Amino acid sequence: MTDCLDDAITDFSRRSLGVDGVTKTVHVAGSGPAVVLMPEMPGISPDVLRLARWVRDAGFTVYVPSLFGVDGAYPTAQAGDKVARRACVSAEFRAFAGGGTSPVTGWLRGLARLAHAECGGPGVGAIGLCFTGNFALTMALEPAVIAPVVNHPSLPLDDPAGLELDEADALAIRDRVTRDGLTVLAYRFAGDRWCTAARFAAYQALLGDAFDGRVLPDDAANTDPPPFFRDVVGTPHSVVTAHLVDEAGHPTLRARDEILAFLTARLMPGRREV
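Residues are numbered in this note's numbering as their position in the sequence shown, beginning at 1, plus a constant of 328.
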(Lines of atoms letter the chains of each structure in order from A; the text may use other names.)
(Lines give C-alpha, C1' and ligand atoms only; values in the text may rest on other atoms or scores of the structure.)
Protein backbone atom coordinates (compact mmCIF):
# COMPACT_ATOMS: atom_id res chain seq x y z
CA MET A 329 0.00 0.00 0.00
CA THR A 330 1.27 3.47 -0.94
CA ASP A 331 2.25 5.67 2.01
CA CYS A 332 -0.35 8.47 2.11
CA LEU A 333 1.56 10.92 4.29
CA ASP A 334 2.64 14.42 3.30
CA ASP A 335 6.37 15.22 3.34
CA ALA A 336 7.42 18.00 5.72
CA ILE A 337 10.60 18.69 3.69
CA THR A 338 12.64 19.28 6.85
CA ASP A 339 15.95 18.17 5.29
CA PHE A 340 15.99 20.91 2.63
CA SER A 341 16.68 24.63 2.93
CA ARG A 342 13.64 26.63 1.91
CA ARG A 343 14.87 29.64 -0.04
CA SER A 344 13.19 32.55 -1.80
CA LEU A 345 15.13 33.08 -5.00
CA GLY A 346 14.58 36.00 -7.35
CA VAL A 347 15.18 35.93 -11.09
CA ASP A 348 14.43 38.95 -13.26
CA GLY A 349 12.24 40.45 -10.55
CA VAL A 350 10.20 37.28 -9.95
CA THR A 351 10.67 35.42 -6.66
CA LYS A 352 9.78 31.77 -6.13
CA THR A 353 10.31 29.26 -3.36
CA VAL A 354 13.08 26.76 -4.06
CA HIS A 355 13.97 23.81 -1.83
CA VAL A 356 17.74 23.19 -1.84
CA ALA A 357 19.83 20.35 -0.41
CA GLY A 358 23.20 18.67 -0.86
CA SER A 359 26.60 19.71 -2.15
CA GLY A 360 28.42 19.40 -5.45
CA PRO A 361 27.35 20.41 -8.97
CA ALA A 362 23.82 21.75 -9.32
CA VAL A 363 20.79 19.86 -10.62
CA VAL A 364 17.44 21.60 -11.04
CA LEU A 365 14.65 19.07 -10.47
CA MET A 366 11.26 20.39 -11.54
CA PRO A 367 8.06 19.00 -10.04
CA GLU A 368 5.48 16.98 -11.89
CA MET A 369 1.77 17.63 -11.65
CA PRO A 370 0.29 18.20 -9.08
CA GLY A 371 3.40 19.55 -7.32
CA ILE A 372 6.42 18.71 -5.20
CA SER A 373 5.04 15.39 -3.99
CA PRO A 374 6.72 12.90 -1.62
CA ASP A 375 7.74 10.88 -4.70
CA VAL A 376 9.37 13.92 -6.32
CA LEU A 377 11.20 14.56 -3.06
CA ARG A 378 12.35 10.94 -2.95
CA LEU A 379 13.95 11.47 -6.37
CA ALA A 380 15.45 14.76 -5.16
CA ARG A 381 17.05 12.97 -2.21
CA TRP A 382 18.49 10.32 -4.51
CA VAL A 383 20.03 13.10 -6.62
CA ARG A 384 21.37 14.79 -3.49
CA ASP A 385 22.81 11.56 -2.14
CA ALA A 386 24.56 10.91 -5.47
CA GLY A 387 26.75 13.97 -4.83
CA PHE A 388 24.79 16.91 -6.22
CA THR A 389 23.20 20.09 -4.95
CA VAL A 390 19.55 19.71 -5.88
CA TYR A 391 17.28 22.71 -6.45
CA VAL A 392 13.53 21.95 -6.45
CA PRO A 393 11.49 25.01 -7.48
CA SER A 394 7.89 25.34 -6.37
CA LEU A 395 5.92 25.94 -9.57
CA PHE A 396 2.39 24.76 -8.65
CA GLY A 397 0.50 22.88 -5.95
CA VAL A 398 1.25 22.51 -2.24
CA ASP A 399 4.86 21.61 -1.49
CA GLY A 400 5.17 18.17 0.09
CA ALA A 401 1.49 17.27 -0.32
CA TYR A 402 0.45 13.69 -1.06
CA PRO A 403 -1.26 13.70 -4.51
CA THR A 404 -4.97 13.13 -3.97
CA ALA A 405 -7.27 13.02 -6.98
CA GLN A 406 -9.52 15.95 -6.09
CA ALA A 407 -6.83 18.39 -4.98
CA GLY A 408 -4.50 17.34 -7.80
CA ASP A 409 -7.17 17.85 -10.44
CA LYS A 410 -7.75 21.41 -9.17
CA VAL A 411 -4.02 22.19 -9.34
CA ALA A 412 -3.81 20.83 -12.89
CA ARG A 413 -6.77 22.91 -14.03
CA ARG A 414 -5.29 26.09 -12.56
CA ALA A 415 -1.91 25.44 -14.17
CA CYS A 416 -3.50 24.89 -17.56
CA VAL A 417 -4.87 28.47 -17.60
CA SER A 418 -1.88 30.10 -15.89
CA ALA A 419 0.04 32.71 -17.88
CA GLU A 420 3.29 30.94 -16.88
CA PHE A 421 2.50 27.76 -18.80
CA ARG A 422 1.52 26.85 -22.37
CA ALA A 423 -0.44 23.65 -21.87
CA PHE A 424 -2.03 23.44 -25.31
CA ALA A 425 -0.88 23.27 -28.92
CA GLY A 426 -0.05 26.57 -30.56
CA GLY A 427 1.00 28.21 -27.31
CA GLY A 428 4.72 27.82 -27.91
CA THR A 429 7.31 27.79 -25.13
CA SER A 430 6.08 28.27 -21.55
CA PRO A 431 7.20 31.66 -20.17
CA VAL A 432 8.24 30.07 -16.84
CA THR A 433 11.20 28.45 -18.62
CA GLY A 434 12.88 31.86 -18.76
CA TRP A 435 12.78 31.99 -14.96
CA LEU A 436 14.10 28.42 -14.79
CA ARG A 437 17.05 29.30 -17.03
CA GLY A 438 17.84 32.11 -14.62
CA LEU A 439 17.67 29.65 -11.74
CA ALA A 440 20.18 27.45 -13.58
CA ARG A 441 22.56 30.41 -13.96
CA LEU A 442 22.25 31.22 -10.27
CA ALA A 443 22.74 27.57 -9.28
CA HIS A 444 25.85 27.30 -11.46
CA ALA A 445 27.31 30.45 -9.90
CA GLU A 446 26.67 29.04 -6.43
CA CYS A 447 27.89 25.47 -7.02
CA GLY A 448 30.51 25.74 -9.74
CA GLY A 449 31.52 22.75 -11.82
CA PRO A 450 31.26 22.30 -15.58
CA GLY A 451 27.54 23.02 -15.69
CA VAL A 452 24.05 22.26 -14.41
CA GLY A 453 21.70 19.29 -14.81
CA ALA A 454 17.97 19.77 -15.42
CA ILE A 455 15.32 17.11 -14.80
CA GLY A 456 11.78 17.69 -16.03
CA LEU A 457 8.80 15.55 -15.08
CA CYS A 458 5.40 15.27 -16.77
CA PHE A 459 4.00 18.84 -17.06
CA THR A 460 7.57 20.18 -16.74
CA GLY A 461 9.15 17.38 -18.78
CA ASN A 462 10.01 19.47 -21.81
CA PHE A 463 11.23 22.35 -19.65
CA ALA A 464 14.50 20.47 -19.14
CA LEU A 465 15.11 20.73 -22.87
CA THR A 466 14.11 24.39 -23.09
CA MET A 467 16.44 25.15 -20.19
CA ALA A 468 19.29 24.04 -22.46
CA LEU A 469 18.96 27.44 -24.15
CA GLU A 470 20.99 28.50 -21.09
CA PRO A 471 24.65 27.55 -21.75
CA ALA A 472 25.15 26.44 -18.13
CA VAL A 473 22.68 23.57 -18.64
CA ILE A 474 24.64 20.62 -20.00
CA ALA A 475 22.68 17.58 -18.76
CA PRO A 476 18.96 17.73 -19.66
CA VAL A 477 16.70 14.81 -18.67
CA VAL A 478 13.21 14.83 -20.17
CA ASN A 479 10.84 12.49 -18.31
CA HIS A 480 7.41 11.66 -19.79
CA PRO A 481 6.76 15.18 -21.17
CA SER A 482 2.99 15.72 -21.35
CA LEU A 483 2.68 19.11 -23.08
CA PRO A 484 0.94 20.08 -25.25
CA LEU A 485 -1.98 18.19 -23.73
CA ASP A 486 -4.11 18.33 -26.88
CA ASP A 487 -1.46 17.27 -29.41
CA PRO A 488 0.08 13.82 -28.82
CA ALA A 489 2.71 14.45 -31.51
CA GLY A 490 3.50 18.03 -30.50
CA LEU A 491 6.39 19.65 -28.66
CA GLU A 492 5.99 22.48 -26.17
CA LEU A 493 8.33 24.78 -28.10
CA ASP A 494 7.98 27.72 -30.40
CA GLU A 495 9.82 27.48 -33.71
CA ALA A 496 12.65 29.85 -32.81
CA ASP A 497 13.43 27.99 -29.58
CA ALA A 498 13.30 24.63 -31.34
CA LEU A 499 15.85 25.81 -33.91
CA ALA A 500 18.06 27.34 -31.22
CA ILE A 501 18.07 24.09 -29.24
CA ARG A 502 18.91 22.09 -32.36
CA ASP A 503 21.77 24.50 -33.08
CA ARG A 504 23.12 24.05 -29.57
CA VAL A 505 22.97 20.27 -29.92
CA THR A 506 24.98 20.52 -33.13
CA ARG A 507 27.44 23.12 -31.81
CA ASP A 508 28.07 21.74 -28.31
CA GLY A 509 27.41 18.02 -28.71
CA LEU A 510 24.59 18.18 -26.16
CA THR A 511 22.67 14.94 -25.58
CA VAL A 512 19.19 14.58 -24.12
CA LEU A 513 18.08 11.60 -22.03
CA ALA A 514 14.35 10.83 -21.99
CA TYR A 515 11.94 8.24 -20.59
CA ARG A 516 8.35 7.13 -21.07
CA PHE A 517 6.18 4.05 -20.66
CA ALA A 518 5.12 2.33 -23.89
CA GLY A 519 1.39 2.85 -23.38
CA ASP A 520 1.49 6.32 -21.85
CA ARG A 521 -1.43 8.31 -23.27
CA TRP A 522 0.05 11.65 -22.12
CA CYS A 523 3.53 11.08 -23.53
CA THR A 524 3.10 9.09 -26.71
CA ALA A 525 5.41 7.39 -29.15
CA ALA A 526 4.53 10.16 -31.61
CA ARG A 527 5.91 12.77 -29.20
CA PHE A 528 9.19 10.88 -28.83
CA ALA A 529 9.33 10.66 -32.62
CA ALA A 530 8.98 14.46 -32.79
CA TYR A 531 11.92 14.85 -30.40
CA GLN A 532 13.92 12.43 -32.53
CA ALA A 533 13.09 14.42 -35.66
CA LEU A 534 14.26 17.64 -34.01
CA LEU A 535 17.38 16.35 -32.26
CA GLY A 536 18.44 13.29 -34.25
CA ASP A 537 20.90 10.98 -32.54
CA ALA A 538 21.30 13.47 -29.69
CA PHE A 539 17.90 12.33 -28.40
CA ASP A 540 18.21 9.17 -26.29
CA GLY A 541 14.58 8.19 -25.76
CA ARG A 542 14.10 5.08 -23.62
CA VAL A 543 10.79 3.25 -23.36
CA LEU A 544 9.74 0.96 -20.51
CA PRO A 545 6.99 -1.67 -20.75
CA ASP A 546 3.69 -0.79 -19.13
CA ASP A 547 3.85 -3.78 -16.80
CA ALA A 548 6.94 -2.23 -15.17
CA ALA A 549 4.80 0.55 -13.67
CA ASN A 550 3.89 0.61 -9.99
CA THR A 551 0.34 -0.75 -9.74
CA ASP A 552 -0.45 1.21 -6.56
CA PRO A 553 0.41 4.87 -7.29
CA PRO A 554 -1.14 7.80 -5.39
CA PRO A 555 -4.82 8.56 -6.24
CA PHE A 556 -4.04 11.45 -8.61
CA PHE A 557 -2.04 9.10 -10.83
CA ARG A 558 -4.48 6.23 -10.50
CA ASP A 559 -7.70 8.21 -11.07
CA VAL A 560 -6.72 11.34 -13.03
CA VAL A 561 -3.60 10.35 -15.01
CA GLY A 562 -4.98 6.83 -15.46
CA THR A 563 -2.04 5.36 -17.38
CA PRO A 564 1.55 4.25 -16.68
CA HIS A 565 3.32 7.59 -16.73
CA SER A 566 5.80 8.66 -14.05
CA VAL A 567 8.81 6.42 -14.60
CA VAL A 568 11.03 7.58 -11.71
CA THR A 569 8.44 8.99 -9.30
CA ALA A 570 4.85 7.84 -8.79
CA HIS A 571 5.17 4.70 -10.95
CA LEU A 572 8.65 3.72 -9.78
CA VAL A 573 9.03 0.36 -8.01
CA ASP A 574 11.82 0.60 -5.44
CA GLU A 575 13.15 -2.94 -5.82
CA ALA A 576 16.67 -3.95 -6.82
CA GLY A 577 16.90 -4.82 -10.51
CA HIS A 578 13.49 -3.35 -11.35
CA PRO A 579 13.32 -1.50 -14.71
CA THR A 580 12.15 1.75 -13.12
CA LEU A 581 14.95 1.66 -10.55
CA ARG A 582 17.43 1.00 -13.35
CA ALA A 583 16.05 4.11 -15.08
CA ARG A 584 16.78 6.11 -11.95
CA ASP A 585 20.32 4.74 -11.88
CA GLU A 586 20.79 5.59 -15.56
CA ILE A 587 19.72 9.19 -14.88
CA LEU A 588 22.15 9.49 -11.97
CA ALA A 589 24.93 8.03 -14.15
CA PHE A 590 24.09 10.50 -16.94
CA LEU A 591 24.31 13.42 -14.51
CA THR A 592 27.55 12.11 -13.02
CA ALA A 593 29.23 11.64 -16.41
CA ARG A 594 28.45 15.20 -17.47
CA LEU A 595 28.68 17.15 -14.23
CA MET A 596 31.46 15.19 -12.51
CA PRO A 597 33.45 13.84 -15.47
CA GLY A 598 36.50 12.89 -13.39
CA ARG A 599 34.53 10.74 -10.98
CA ARG A 600 34.57 6.99 -11.46
CA GLU A 601 31.24 5.18 -11.25
CA VAL A 602 31.00 2.72 -8.38
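Quick reminder that beta carbons are idealized off the backbone N, C-alpha and C, glycines included. Here the structure is a predicted model, which is why all the values come from computation and not from measurement.
C-beta atoms of G397 and G358 nearer than 9 Å: no
Enclosing beta strand (DSSP E) for P393 [first to last residue]: T389 to P393
Runs of alpha helix (DSSP H) wholly within the region 536-560 (minimum 4 residues, chain order): none
DSSP-derived helix/strand/coil call for E492: coil
T429 (DSSP reduced to helix, strand or coil): coil
Where V505 sits in the DSSP three-state scheme: helix
Inter-stretch contact (C-beta, 8 Å, three-pair minimum) for the region 446-464 and the region 556-572: yes
Buried versus exposed call for V567 [16 or more other C-beta atoms within 10 Å across all chains shown]: buried
Nearest candidate by alpha-carbon position, reference A475, set E575, P554, L485 and R504: R504
Where T524 falls: helix, strand or coil (DSSP): coil
Limits of the unbroken beta strand (DSSP E) element including P476: V473 to N479
Collapsed DSSP secondary structure at R599 in the structure displayed: coil
Any 3 or more C-beta pairs closer than 8 Å across the region 467-483 and the region 401-419: no
Cβ distance (whole Å) where L347 is taken to contact L439 below 8 Å: Sequence inspection shows Val at residue 347; the Leu mentioned does not correspond to that position. The pair is a contact, with the Cβ atoms about 6 Å apart (cut-off 8 Å).
As assigned by DSSP and simplified to three states, the class of L513: strand
Spatial neighbours of V473 in its chain, beta-carbon cut-off 7 Å, leaving aside the 5 residues before and after: A440, G451, V452, A454 and M467
Close Cβ partners of H444 (< 7 Å) along its chain, the five nearest in sequence each way excluded: A362, G451, V452 and A472
In chain order, each beta strand (DSSP E) run of at least 3 residues that lies wholly inside the region 403-468: 452-457
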